[in-house]
Amino acid sequence: MIGVLALQGGVIEHVRMLERCGKKAIEVRAKDDLKKVNALILPGGESTTLFKLMKRQGLDTEIKKRAKKGMPVFGTCAGMIVLAKEIIDNREQGLGLIDISVKRNDYGRQVDSFEEEIDVRDIGKVNAVFIRAPIVKSCGKDVEVLARQNKNPILLKQNNILVASFHPELTDDKRVHELFLKMNSII
Ligand code: GLN
Numbered sequence: 001m002i003g004v005l006a007l008q009g010g011v012i013e014h015v016r017m018l019e020r021c022g023k024k025a026i027e028v029r030a031k032d033d034l035k036k037v038n039a040l041i042l043p044g045g046e047s048t049t050l051f052k053l054m055k056r057q058g059l060d061t062e063i064k065k066r067a068k069k070g071m072p073v074f075g076t077c078a079g080m081i082v083l084a085k086e087i088i089d090n091r092e093q094g095l096g097l098i099d100i101s102v103k104r105n106d107y108g109r110q111v112d113s114f115e116e117e118i119d120v121r122d123i124g125k126v127n128a129v130f131i132r133a134p135i136v137k138s139c140g141k142d143v144e145v146l147a148r149q150n151k152n153p154i155l156l157k158q159n160n161i162l163v164a165s166f167h168p169e170l171t172d173d174k175r176v177h178e179l180f181l182k183m184n185s186i187i
């Protein structure tokens with residue numbers, strides 16, 4: 001069973017996308033829900049709020065524990081920020097599950113949101129939607145960069161962790177979600 005962290009942000013779009021991939025998804029709001037899943041998606045939204053709500057439920061430490069034991073986790077946008085090792089100029093630091101350094105809102109404000117065709121390794125052309133997206137400023141040597149926009153890495157993977165600074169759940173293209181499912185041999 002795949003879970004979507006459902007504390008805040010774009011939850012339902014991920015649930016629908018997983019269903020379109022033929023997978024049943026459940027919304028994860030508390031530690032008990034997390035026990036039922038063997039993979040987890042952290043959606044976009046507002047990372048500061050996500051941190052606050054995760055801590056309230058003790059989900060931050062629990063997700064970290066499960067991910068370190070190998071549970072596949074996919075974070076999009078704010079979800080990517082939450083998983084990062086370093087959040088530049090931010091009071092809060094990420095869970096440190098992927099060795100990247102990110103800067104929040106570095107693509108600009110809401111009005112600077114945009115959509116662009118990008119090239120994803122092993123997939124090809126994908127329409128990527130960026131909404132107040134973070135920029136990955138650096139990544140460790142064990143991190144694989146699967147796609148870039150304007151030289152910036154936007155889709156990255158380290159072992160069981162996948163992150164995207166864009167929103168694959170907002171298009172009708174399910175290939176990035178399929179990549180997550182495949183990469184972890186869930187399908
Ligand atoms: N700007 C948000 C943050 O810093 C992320 C935006 C998004 O998830 N679309 O958390």
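1 is the number of the first residue of the sequence shown in the numbering used here; add one for each residue after it.
The C-beta atom is built at its ideal place from N, Cα and C for all residues, glycine as well.
Rounded to the nearest angstrom, what separates residue i and residue j at their Cα positions?
i	j	result
Lys188	Asp99	The chain is shown from 1 up to 187; residue 188 falls before or after that span and cannot be answered.
Lys68	Glu92	20 Å
Thr48	Leu179	28 Å
Ile131	Phe114	7 Å
Ile135	Phe51	19 Å
Leu40	Ala133	21 Å
Gln57	Asp172	32 Å
Pro153	Arg29	30 Å
Glu116	Gly108	15 Å
Asn38	Gly70	9 Å
Ile123	Thr61	33 Å
Leu156	Val163	5 Å
Asp89	Met17	33 Å
Ile26	Met80	20 Å
Gly140	Leu59	26 Å
Val15	Glu46	18 Å
Glu19	His177	11 Å
Asp119	Gln8	29 Å
Asn150	Leu42	25 Å
Asp106	Arg148	15 Å
For residue i, count neighbouring Cβ atoms within 10 angstroms of its own Cβ and tell me buried if that reaches 16, exposed if not.
i	result
Lys36	exposed
Ser165	buried
Ile187	With a pLDDT of 46 at Ile187, under the threshold of 50, the modelled position of this residue cannot be trusted; read the value that follows with caution. Exposed is the call here.
Val111	exposed
Asp33	buried
Val11	buried
Gly75	buried
Lys55	exposed
Asp142	exposed
Are the Cβ atoms of residue i and residue j separated by less than 7 Å?
i	j	result
Gly96	Ile87	no
Glu246	Glu13	This structure leaves residue 246 out entirely; the chain is present only between 1 and 187.
Leu83	Arg121	no
Pro72	Asn160	yes
Val129	His167	yes
Ile2	Lys23	yes
Cys21	Lys182	no
Asn44	Ala6	The question names Asn, but residue 44 in the sequence shown is Gly. Not in contact: Gly44 and Ala6 (Cβ atoms no closer than 7 Å).
Lys103	Lys137	yes
Secondary structure, beta strand (DSSP E): runs of 3+ residues fully inside the region 4-66: 25-28 and 39-42
Complete beta strand (DSSP E) runs within the region 95-132 (minimum length 3 residues, chain order): 98-103, 114-120 and 124-130
4 or more residues per run - each alpha helix (DSSP H) lying fully within the region 124-176: none
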